[in-house]
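Visitor:
Numbering (my numbering), first residue to last: 938 to 982.
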């Protein structure tokens with residue numbers, strides 16, 4: 938079984954603020970959606 942990790946982390950280590958992403962980058966979201974399509978995705982804290 939292969940387990941992969943995708944993480945978006947700011948240079949100061951922040952991964953979110955107020956229950957949302959720190960930034961909005963359409964190309965990053967597109968990459969995530971294309972990469973994870975058809976696979977199980979586990980998110981959360």
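Glycine included, C-beta positions come from ideal geometry on N, C-alpha and C.
Let me check understanding here. Comparing Cα to Cα, which of 961, 976, 977 lies closest to residue 946?
Guide: Nearest option by C-alpha distance: 961.
Visitor: Which residues does DSSP pair with residue 965 in a beta bridge?
Guide: According to DSSP, which records beta bridges pairwise, residue 965 is partnered with nothing at all.
Visitor: Can you give me the C-alpha to C-alpha distance between residue 978 and residue 953, rounded to a whole angstrom?
Guide: Answer to the nearest angstrom: the Cα atoms are 18 Å apart.
Visitor: Under the DSSP definition of a beta bridge, which residues are partnered with residue 957?
Guide: Beta-bridge pairing links residue 957 to 954.
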